[in-house]
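All residue numbers for the sequence shown refer to the working numbering, where the first residue is 14 and numbers rise by one.
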Amino acid sequence: MACADYRTIAAFAEDQFVEKRSRFIGAIAPVSTEEEALAFLEARRELHREATHNVYVYTLREGGLTRFSDDGEPSGTAGKPALDVLRGSGLVDVAIVVTRYFGGTLLGTGGLTRAYAQGARIAIQAAQVVEMTFCTRLRLVFPYGLYGKVSYMLPRYQVQTVDAQFADLVTMELLVKADQVEPLGRELEELSSGTVIPDRLETLYAPFPQ
Numbered sequence: 014m015a016c017a018d019y020r021t022i023a024a025f026a027e028d029q030f031v032e033k034r035s036r037f038i039g040a041i042a043p044v045s046t047e048e049e050a051l052a053f054l055e056a057r058r059e060l061h062r063e064a065t066h067n068v069y070v071y072t073l074r075e076g077g078l079t080r081f082s083d084d085g086e087p088s089g090t091a092g093k094p095a096l097d098v099l100r101g102s103g104l105v106d107v108a109i110v111v112t113r114y115f116g117g118t119l120l121g122t123g124g125l126t127r128a129y130a131q132g133a134r135i136a137i138q139a140a141q142v143v144e145m146t147f148c149t150r151l152r153l154v155f156p157y158g159l160y161g162k163v164s165y166m167l168p169r170y171q172v173q174t175v176d177a178q179f180a181d182l183v184t185m186e187l188l189v190k191a192d193q194v195e196p197l198g199r200e201l202e203e204l205s206s207g208t209v210i211p212d213r214l215e216t217l218y219a220p221f222p223q
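Structure, rendered in structure tokens:
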């Protein structure tokens with residue numbers, strides 16, 4: 014299983030600008046499949062039915078799939094500049110649509126290239142970028158008397174507490190960066206004299222503080 018960390022966005026975002034009376038709207042959304050990317054494109058086309066162009070680009074982590082389109086603009090002046098910006102950002106699992114409402118003034122090939130690159134750029138700048146980290150979800154169950162020791166040691170690792178319940182026993186669910194699961198488990202066993210053994214629930218990608 015591939016386990017390299019990657020960068021994507023948390024949620025839909027958009028921004029816009031006007032260039033020589035043409036309005037450009039850059040919109041970006043997180044997607045994980047080509048079907049989701051195409052559905053986002055269709056939604057933007059439906060929303061902006063009166064627009065002159067809806068230029069798109071998307072890139073997926075799975076299979077390294079990338080697609081783009083000039084949507085009727087002169088070849089190489091729209092989709093490719095947007096793609097270059099997206100590639101430069103290092104983001105994956107995202108789709109961008111740059112919508113243009115023509116304002117009556119021709120921009121020329123250079124102007125179009127700059128405008129569509131800017132449309133992609135402002136969409137990315139409007140979004141919240143997240144680092145997706147390969148993690149393991151752990152469950153810990155231990156006597157309440159050990160809670161102080163466990164709480165003291167956890168900040169030494171890259172860990173997020175997902176849930177904690179306190180009864181006769183403490184039950185905690187943690188997200189732990191995958192390469193830290195083994196050392197964390199060893200220290201837990203040592204401080205508890207072997208009574209606290211983490212239960213590995215699943216491995217997954219999740220937003221994680223860097």
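We put the CB at the ideal spot given by N, CA and C, even for glycine. Everything numeric in this text was worked out from a predicted model, so none of it was measured.
Taking the alpha-carbon of residue i as reference, which of the options has the nearest alpha-carbon?
| i | options | result |
| --- | --- | --- |
| Leu-9 | Gln-171, Leu-159, Gln-193 and His-66 | Residue 9 is absent from the structure shown; the chain starts at 14 and stops at 223. |
| Ala-133 | Ser-102, Lys-162, Arg-213 and Gly-158 | Ser-102 |
| Arg-57 | Thr-46, Tyr-69, Glu-47 and Glu-48 | Tyr-69 |
| Gly-123 | Val-194, Glu-32, Gln-171 and Ser-45 | Glu-32 |
| Ala-50 | Val-105, Asp-97 and Arg-62 | Val-105 |
| Gly-158 | Val-209, Val-189, Ala-26 and Arg-169 | Val-209 |
| Gln-171 | Val-194, Val-154 and Pro-156 | Val-194 |
| Leu-167 | Asp-83, Leu-153 and Phe-179 | Leu-153 |
| Val-175 | Val-163, Asp-97, Pro-156 and Leu-188 | Leu-188 |
| Pro-220 | Asp-192, Gln-173, Ala-180 and Gly-198 | Gln-173 |
Taking 8 Å as the cut-off, decide whether the C-beta atoms of residue i and residue j are in contact.
| i | j | result |
| --- | --- | --- |
| Ala-42 | Gln-141 | no |
| Tyr-218 | Met-145 | yes |
| Val-107 | Ala-95 | no |
| Leu-201 | Pro-211 | yes |
| Ile-135 | Gly-76 | no |
| Gly-117 | Arg-34 | yes |
| Phe-81 | Gly-89 | no |
| Ala-64 | Arg-113 | yes |
| Phe-30 | Val-44 | no |
| Arg-213 | Thr-149 | yes |
Between the alpha carbons of residue i and residue j, how many angstroms are there, rounded?
| i | j | result |
| --- | --- | --- |
| Leu-120 | Ala-130 | 14 Å |
| Asp-18 | Leu-99 | 18 Å |
| Gly-207 | Phe-147 | 27 Å |
| Val-183 | Leu-151 | 14 Å |
| Thr-21 | Glu-59 | 25 Å |
| Ile-137 | Leu-78 | 19 Å |
| Glu-27 | Pro-196 | 42 Å |
| Phe-115 | Arg-74 | 33 Å |
| Val-143 | Lys-190 | 15 Å |
| Asp-84 | Tyr-165 | 57 Å |
Whole runs of the beta strand (DSSP E) within the stretch 115-183, excluding any shorter than 3 residues: Counting only runs of 3 or more residues that sit fully inside the stretch 115-183, the beta strand (DSSP E) segments are 142-156 and 172-179, in chain order.
Unbroken stretches of the beta strand (DSSP E), 3 residues or longer, contained in the stretch 53-95: Taking only runs of at least 3 residues, the beta strand (DSSP E) segments lying wholly in the stretch 53-95 are 66-72 and 79-82.
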